[in-house]
């Protein structure tokens, strides 16, 4: 990405993904946990404290889609940079390898039958 983002949207609820989002944001950044995870989650508290990172949760999904669609449609949120890698269907194995390789820099790996 080149630099750490100020905001991270974590949409899975998995502990490792939440921790990854926390480590990814810049000093004073914000992490929004949108996915529903387990009952108890271990977080890198010292890192959050030392870097003044805010952690917020969004549990209610009612009426969120129209707002999200408006934000994307208006151009305020650009989703294109999130898809970092694209693969043909025949290269699905390579796509999965890329998505699980932390050195690949992948955010979202897309498999397209084109």
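Residue numbers (full-length UniProt numbering): 1 to 114. We put the beta carbon where it would ideally sit given N, CA and C, even for glycine.
- Looking at the DSSP output, residue 83 sits in a beta bridge with 108.
- Contact holds between the stretch 31–40 and the stretch 1–13, because three or more Cβ pairs, one in each stretch, are under 8 Å apart.
- Pairing residue 98 with residue 83 gives a Cβ-Cβ distance that is not under 8 Å.
- With a 10 Å radius around the Cβ and a threshold of 16 neighbouring Cβ atoms, residue 29 comes out buried.
- The stretch 70–79 makes no contact with the stretch 89–107, as fewer than three CB pairs between them are under 8 Å.
- Straight-line spacing of the CA atoms in residue 88 and residue 50 works out to 43 Å.
- When the alpha-carbon of residue 26 is set against those of 41, 42, 8 and 40, the nearest one is in 8.
- Between residue 19 and residue 43, the C-beta spacing is below 8 Å.
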